[in-house]
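Numbered according to the working numbering, the sequence shown spans residues 1 to 81.
Every residue gets a Cβ at the ideal spot worked out from N, C-alpha and C, and that includes glycine.
All of these numbers come straight from a predicted model, not from anything done at the bench.
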Amino acid sequence: MQMKEIINQLITEVATMTDCKIVLPLSDETVLLDSGLDSLGFAILVARLEEEQGLDPFSDMTEVIYPRTFGEFVAIYESAK
């Protein structure tokens, strides 16, 4: 499964857990703040990605980058593989 599909699936699971309503479909241009996932949801998403994929690209960055869009978020994880 590709990273984008994994992230999409986890976002759906996290949204259900946190009672958030995701704006579907998520495109590369979807602004994360407008996606429907709240800050707790994003924290859970990042923790789940680290747990399940063994990736935490944000802690490995020498210069912290905050993704603005879904596409940027996915790209950070794809480059960490």
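Here the alpha carbons of PHE73 and LEU24 stand approximately 16 Å from one another.
The region 34 to 41 makes contact with the region 4 to 15, as at least three CB pairs between them are under 8 Å. By the CB criterion at 8 Å, ILE11 and TYR77 fall outside the cutoff.
Of SER27, VAL46 and PRO57, the smallest CA-CA separation from ALA80 is found for PRO57.
In this structure, the straight-line span from the alpha carbon of THR69 to that of GLY36 is close to 13 Å.
In the three-state scheme derived from DSSP, where H, G and I count as helix and E and B as strand, VAL46 is classed as helix. Per DSSP, THR16 is one residue of the alpha helix (DSSP H) stretching across 3 to 18. Inclusion of GLY71 and ASP19 in the CB contact set at 8 Å is not warranted, their separation being larger than that value.
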